[in-house]
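Each remark here refers to the structure printed beneath this line.
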Amino acid sequence: MLDLNTIQSAVDTAHRDFGQAPGGANADYIPFLANIPSDLSAVAVVTAQGDILSAGDIHYRFAIESISKVCTLALALEDWGAEAVQQKIGADATGMPFNSVMALELHGGKPLSPLVNAGAIASASLIKAKNTEDRWSRILSMQRKLGSAHIKLSAQLNESEQTTNFHNRAIAWLLYSAGYLYCDPMEACDVYTRQCSTLLTTVELATMGATLATGGLNPVSKEQVLSANNTPRILADMTMEGLYDTSGDWAYTVGLPGKSGVGGGILAVVPGVMGIAAFSPPLDEVGNSVRGQKMVASIANTLGYNLYKS
Ligand code: GLN
2 MLDLNTIQSA
12 VDTAHRDFGQ
22 APGGANADYI
32 PFLANIPSDL
42 SAVAVVTAQG
52 DILSAGDIHY
62 RFAIESISKV
72 CTLALALEDW
82 GAEAVQQKIG
92 ADATGMPFNS
102 VMALELHGGK
112 PLSPLVNAGA
122 IASASLIKAK
132 NTEDRWSRIL
142 SMQRKLGSAH
152 IKLSAQLNES
162 EQTTNFHNRA
172 IAWLLYSAGY
182 LYCDPMEACD
192 VYTRQCSTLL
202 TTVELATMGA
212 TLATGGLNPV
222 SKEQVLSANN
232 TPRILADMTM
242 EGLYDTSGDW
252 AYTVGLPGKS
262 GVGGGILAVV
272 PGVMGIAAFS
282 PPLDEVGNSV
292 RGQKMVASIA
302 NTLGYNLYKS
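As numbered in the numbering used here, residues 2 to 311 make up the sequence shown, in order.
Dropping the structure here:
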């Protein structure tokens, strides 16, 4: 294990070199996200031992968006087991944009990955629940256990998403018609939209990564929140689809399971070692944070972490 000064220096260097890198633009199809200051940027590492190292706007709470898909997948795996999730949602890359309808059409309506919108709406529908509020509270509770108890819904962001999520509603109905949606479609879409509308800090995001790195033991809260059998499945899904249609490029250049969100957050996991997270709003054309990718890649590279290295 590296010493903490080495990690802090990698974190500082990444933020200094890439925290204001040019390029990209805020997501604007969700009105709330278009108005977030584009110059915010933060980066954090949480180690498997629970050490926290960070730089930049680390107290700023940003929208979790698609990174929430990891948490709901984790809960679906806990509720149903790996085989059922593979059969009911899938475990493969789509190679297409995160909200692609064509990807569904090409595969008989099966979402393939729990980390695209269709697969995440299907995951939300799979969660065992008595009613909508129970479904929502179980998903929020999983976000909090994986990350931190401070993660909460932004009413303003949720309103902004719920009043513009027509494309996702259509996806929910397509899933339903193909037999890949497991509760009322509009309930699934409502809860999925809420799960995207929580706010968290970069350190809380890195904590989620550390919890996945340790086989489900949150190293900050010290709580075992997932069964260790399920974390390799989650990391495999992140490798295949975590950065959408550029997941392959990310594996090729960085070599770590990752997950991004259109709120500007990005997470990478070094199994057994640490979670690395970054945040900055401007996105590239597929929806990944431009600076976030550079900051995370810089830390992984400086510290020498790449799963495919001998
Ligand atoms: N809430 C967003 C959506 O459903 C999340 C997408 C993302 O982060 N890629 O479009």
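Beta carbons: idealized from backbone N, C-alpha and C, even for Gly.
Beta-carbon separation (whole angstroms), residue i vs residue j, contact threshold 8 Å
{"i": "residue 64", "j": "residue 262", "result": "7 Å"}
{"i": "residue 89", "j": "residue 49", "result": "Actually they do not touch by this definition, with Cβ atoms about 31 Å apart."}
{"i": "residue 3", "j": "residue 304", "result": "6 Å"}
{"i": "residue 235", "j": "residue 71", "result": "6 Å"}
{"i": "residue 68", "j": "residue 260", "result": "5 Å"}
{"i": "residue 232", "j": "residue 188", "result": "Residue 232 to residue 188, Cβ: 28 Å. No contact."}
{"i": "residue 5", "j": "residue 40", "result": "The Cβ separation is near 28 Å, so there is no contact."}
{"i": "residue 166", "j": "residue 190", "result": "7 Å"}
{"i": "residue 307", "j": "residue 257", "result": "7 Å"}
{"i": "residue 270", "j": "residue 210", "result": "5 Å"}
{"i": "residue 100", "j": "residue 282", "result": "The pair is not a contact, with the Cβ atoms about 19 Å apart (cut-off 8 Å)."}
{"i": "residue 9", "j": "residue 54", "result": "5 Å"}
{"i": "residue 172", "j": "residue 102", "result": "7 Å"}
{"i": "residue 144", "j": "residue 152", "result": "5 Å"}
{"i": "residue 238", "j": "residue 92", "result": "6 Å"}
Nonlocal neighbours in the same chain, by C-beta distance under 7 Å from residue i, ignoring five residues either side
{"i": "residue 312", "result": "Residue 312 lies beyond the stretch modelled for the chain, which goes from 2 to 311, so this question has no answer here."}
{"i": "residue 228", "result": "79, 217"}
{"i": "residue 208", "result": "47, 148, 149, 219, 221, 276"}
{"i": "residue 253", "result": "none"}
{"i": "residue 139", "result": "76, 128, 130"}
{"i": "residue 121", "result": "70, 73, 115, 193"}
{"i": "residue 161", "result": "31, 32, 33"}
{"i": "residue 157", "result": "33"}
{"i": "residue 19", "result": "292, 295, 296, 299"}
{"i": "residue 246", "result": "96, 97, 98, 287"}
{"i": "residue 195", "result": "137, 154, 159"}
{"i": "residue 135", "result": "none"}
{"i": "residue 168", "result": "100"}
{"i": "residue 225", "result": "217, 218"}
{"i": "residue 146", "result": "219, 224, 226"}
6 Å Cβ shell around residue i - same chain, five flanking residues per side excluded
{"i": "residue 56", "result": "12, 13, 16, 44"}
{"i": "residue 206", "result": "266, 268, 278"}
{"i": "residue 155", "result": "198, 200"}
{"i": "residue 66", "result": "197, 262, 263, 264"}
{"i": "residue 285", "result": "25, 291"}
{"i": "residue 21", "result": "none"}
{"i": "residue 272", "result": "214"}
{"i": "residue 203", "result": "43, 45, 59, 278, 280"}
{"i": "residue 104", "result": "95, 97"}
{"i": "residue 251", "result": "244, 259"}
Span of the alpha helix (DSSP H) around residue i
{"i": "residue 254", "result": "248–254"}
{"i": "residue 182", "result": "Where residue 182 is concerned, there is no enclosing alpha helix (DSSP H), given that its DSSP letter is neither H nor E."}
{"i": "residue 140", "result": "133–147"}
{"i": "residue 156", "result": "156–163"}
Range of the contiguous beta strand (DSSP E) that encloses residue i
{"i": "residue 201", "result": "199–201"}
Same chain only: Cβ atoms within 8 Å of residue i, ignoring 5 sequence neighbours per side
{"i": "residue 110", "result": "175, 176, 178, 179, 180, 181"}
{"i": "residue 170", "result": "186, 187, 190"}
{"i": "residue 223", "result": "51"}
Within the stretch 83–129, note down every full alpha helix (DSSP H) run reaching 4 residues or more, in order along the chain.
83–89, 103–107, 118–127
Taking the runs of the alpha helix (DSSP H) that are 4 residues or longer, which of them lie wholly in the stretch 13–98?
Fully enclosed alpha helix (DSSP H) runs of 4 or longer: 32–35, 69–81, 83–89.
Give a yes or no on contact between the stretch 283–295 and the stretch 56–63, applying the rule of three or more CB pairs nearer than 8 Å.
no
In chain order, which beta strand (DSSP E) runs of at least 3 residues are fully inside the stretch 262–308?
266–271, 275–280
Any beta strand (DSSP E) of 3 or more consecutive residues that is wholly inside the stretch 186–239
199–201, all fully within the stretch 186–239.
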